[in-house]
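Below you'll find the structure, written out as structure tokens, and then a few comments.
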Amino acid sequence: MDVGEDRISKLPDPLVHHILSFLPTKTVVSTSILSKRWKNIWVSVPVLDFHNWEPPRIRSGHYDEYAITLETNNFMDFVERALVLRNMLNIHKFCLDCENGFFDHKRVNAWITTVMKCQVEDNMEDIKVKIDAPNLISFTFCDKLPEDFVVDSFPLLHDADLYYNYGDIESTFGPLSKFITKLCNVKLLKISGAYFKVEFSGKAKENTLTFDKVPHCLVCLKSFKIRKFNGYPKELEMVKFVLKHARVLEMVIMETSYTVENYMGVHNKKKNLKAKEEALNEKIRRQLGMSPWASTGCVIQFSSS
């Protein structure tokens, strides 16, 4: 056998497709530089595997929101090009992870629609979620609640920690409102600001997060914490709502995560970052103080995330 002989290129296309189907799509696409014969062969591989992708900065432990957003958008463009270039060829299997919170879920839904039209053979059907835990005392949830989930009341639940980071504007607030109304005796309620940062940046409708009546959990709520608070108007409305109706509330903790845009409202350029943060905290404290409080003994605390 000659040294360096390219034997794999002599294999028939179906066998090459089968071999490549075990590799991530990004790796499969990279084979297009091998030769003219390999230039377009990846397009007809019946498996599209975008599983376990995440921006390099998240993998390395660094967190640059702008860079991660840019890399995620580039990845979404890559997925769409892969689907378009296939020209509706049949797909046997489609794998995708999109859990970093920066994906455009409308684009993801469009991909799924396209894949289903390509007669995908391996897919996961919608799953309805039912939560029935009358004796549950503590509850932590870090994901997107499905719109059609079924939940009973939690009469013994003492603390609820919701890190609700995923979902588009239209699908976020209905499930969240539905869940909160089922909390009747909770003493400690934590809601992540990760989704507030996305959903309350001037894009949400005025009535997106609404309740037909005041949630019963506010009657006995003693502590309320909101994480990654940016000071958006809708975030303030949420805090004001809690202050207005929580009669035994003792403490509101606001874990701030201010952005450059926040500091633009602080006009003293001589102030250092810490001083600017304190000025913003005091401004927010004054705004909240102008609203009605059901609990006269409540204290507001700020902390940096």
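Each residue of the sequence shown is one higher than the last, beginning at 1 in UniProt numbering. Cβ atoms here follow ideal geometry from the backbone N, Cα and C, with glycine treated the same way.
Report buried or exposed for residue i, applying the criterion of at least 16 other Cβ atoms within 10 angstroms of its Cβ.
i: residue 22; result: exposed
i: residue 264; result: Confidence at residue 264 is low in this model, with a pLDDT of 49, below 50, so the placement of that residue is unreliable and no value is reported for it.
i: residue 116; result: exposed
i: residue 276; result: buried
i: residue 66; result: exposed
i: residue 113; result: exposed
i: residue 52; result: exposed
i: residue 70; result: exposed
i: residue 226; result: buried
Does the beta carbon of residue i fall short of 7 Å from some heavy atom of the ligand FMN?
i: residue 304; result: Questions concerning the ligand FMN fall outside what the structure shown contains, since it holds no ligand whatsoever.
Measure the Cβ-Cβ separation of residue i and residue j and say whether it is below 8 Å.
i: residue 72; j: residue 49; result: no
i: residue 92; j: residue 47; result: yes
i: residue 306; j: residue 246; result: Nothing about residue 306 can be reported from this structure: the residues present for the chain run from 1 to 305 only.
i: residue 183; j: residue 222; result: no
i: residue 20; j: residue 28; result: yes
i: residue 298; j: residue 250; result: yes
i: residue 239; j: residue 252; result: yes
i: residue 185; j: residue 218; result: no
i: residue 254; j: residue 300; result: yes
Compute the Euclidean distance between the alpha carbons of residue i and residue j, then round it to the nearest angstrom.
i: residue 220; j: residue 244; result: 13 Å
i: residue 111; j: residue 139; result: 33 Å
i: residue 161; j: residue 38; result: 51 Å
i: residue 79; j: residue 31; result: 17 Å
i: residue 86; j: residue 107; result: 17 Å
i: residue 289; j: residue 302; result: 15 Å
i: residue 89; j: residue 68; result: 31 Å
i: residue 12; j: residue 34; result: 16 Å
i: residue 137; j: residue 272; result: 44 Å
Helix, strand or coil, according to DSSP, for residue i in the structure here?
i: residue 286; result: helix
i: residue 47; result: strand
i: residue 180; result: helix
i: residue 154; result: strand
i: residue 159; result: strand
i: residue 187; result: coil
i: residue 303; result: strand
Query raised in the report: Taking one C-beta from the region 280 to 297 and one from the region 233 to 243 each time, how about it: are there three or more such pairs within less than 8 Å?
Result: Contact between the region 280 to 297 and the region 233 to 243 is present: 3 or more CB-CB pairs across the two stretches fall below 8 Å.
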